[in-house]
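Visitor: Shown below is the structure under consideration.
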Amino acid sequence: MASGPVRVPPVASEGTGPRAVRDGRGGTRRRLLRRAGVGLAFGLGLLAGLGGGCAYRMGPSSGVAAGSRSVAILPFENETLEPRVTEALATALRSQIQQEGTYQLVRRSDADVVVSGTVIDIHRTEQSFQARDVRVLKDYRLDIVARVTAVERGTGRKLLDEEVEGHTMLRTQSDLASAERQAMPLLAANLARNITSRLVDGSW
């Protein structure tokens, strides 16, 4: 057989050829994904750090820790003509104190703070009239005012001594007296919320 030069197929150099091109693109894609992951992790860490510095604190603005102090609610005196208002207020105020959670509700002998007061006024004001006849009243606004005192039992120091108001709306009915009795728990609850706000947000 005749001998001649042996032809050796050319060897693709590194980084050339279809496979090399696909690998190169895959490597670039992986590098981009790694960089994106690092950037995302850094961003989340930064946000977490900022969130820790700007966290909101739950509870009253005075900074009193929940349950760190105790309070006793004494029966309020009544200077109005509504005989059931003080009972409704006592119930609503105790419920509001327990729900708010800053103070523990206890007996007077165990309390850090003793709350007492007097309901001094309840009155209604004409609020709106019937659209077809402006002479016919549609709604009343019921207002209540109480003088509230909070005393630190151990020292006798007055923590609160002011008038606090509450209100609710009353739709007129044929029996206005009955409608007012039904509205009394709502009126007492609004006053109780306002009293509780004064107690838990005080500067003491």
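The sequence shown begins at 1069 in my numbering and counts up by one. Even for Gly, the Cβ is constructed at its ideal location relative to N, Cα and C.
Ordered along the chain, which non-local residues of its own chain (more than five positions away) have a Cβ less than 8 Å from that of THR1240?
Guide: Taken in chain order, the residues that qualify are LEU1205, LYS1206, ASP1207, TYR1208, ALA1247.
Visitor: Measure the C-alpha to C-alpha separation of GLY1169 and ILE1190 and round it to an integer number of angstroms.
Guide: So the alpha carbons of these two residues sit roughly 29 Å apart.
Visitor: May I have a chain-ordered list of the alpha helix (DSSP H) segments no shorter than 4 residues that lie completely inside the region 1204-1249?
Guide: Listed in chain order, nothing qualifies, since the region 1204-1249 has no complete alpha helix (DSSP H) run of 4 or more residues.
Visitor: Which term fits MET1252, buried or exposed, when burial requires 16 or more other beta carbons within 10 angstroms of its beta carbon?
Guide: Under this definition MET1252 is a buried residue.
Visitor: Would you mind reading off the limits of the beta strand (DSSP E) that contains SER1138?
Guide: SER1138 -> beta strand (DSSP E) spans 1137-1141.
Visitor: Give the straight-line distance between the Cα atoms of ALA1257 and THR1223, rounded to the nearest whole angstrom.
Guide: One C-alpha to the other measures close to 30 Å.
Visitor: Would GLU1220 pass as a contact of VAL1174 if the rule is Cβ separation under 8 Å?
Guide: No, Cβ-Cβ distance for GLU1220 and VAL1174 is not below 8 Å.
Visitor: Please report the straight-line C-alpha distance between ASN1146 and MET1237, rounded to a whole angstrom.
Guide: Cα-Cα distance, rounded: 22 Å.
Visitor: Please say whether ILE1263 and VAL1213 have beta carbons closer to each other than 8 Å?
Guide: Going by C-beta atoms, VAL1213 is not nearer than 8 Å to ILE1263.
Visitor: How many Å lie between ASP1269 and ALA1156 at the Cα?
Guide: The alpha-carbon atoms of ASP1269 and ALA1156 are separated by roughly 23 Å.
Visitor: Using the DSSP secondary-structure output, state which residues sit across from THR1193 in a beta bridge.
Guide: Partner(s): ARG1209.
Visitor: For SER1040, which option in TYR1171, SER1138, GLN1167 has the closest C-alpha, if you only look at C-alpha atoms?
Guide: No statement about residue 1040 is possible, as the shown extent of the chain runs from 1069 to 1272 and does not include it.
Visitor: Buried or exposed for LEU1142, please, with buried defined as at least 16 other CB atoms from any protein chain shown within 10 angstroms of its CB.
Guide: Exposed: under 16 other Cβ atoms inside 10 Å.
Visitor: In this structure, how does DSSP classify SER1129 when only helix, strand and coil are distinguished?
Guide: Here the model assigns SER1129 a pLDDT of 43, short of 50, so the residue's position is not dependable, and the following value carries that caveat. SER1129 falls in the coil class under three-state DSSP.
Visitor: From THR1193 to ALA1179, what does the alpha carbon distance come to, in whole angstroms?
Guide: Going by the C-alpha atoms only, they are around 38 Å apart.
Visitor: For the beta strand (DSSP E) holding LEU1173, just list the boundary residues, first then last.
Guide: First-last of the beta strand (DSSP E) with LEU1173: 1171-1173.
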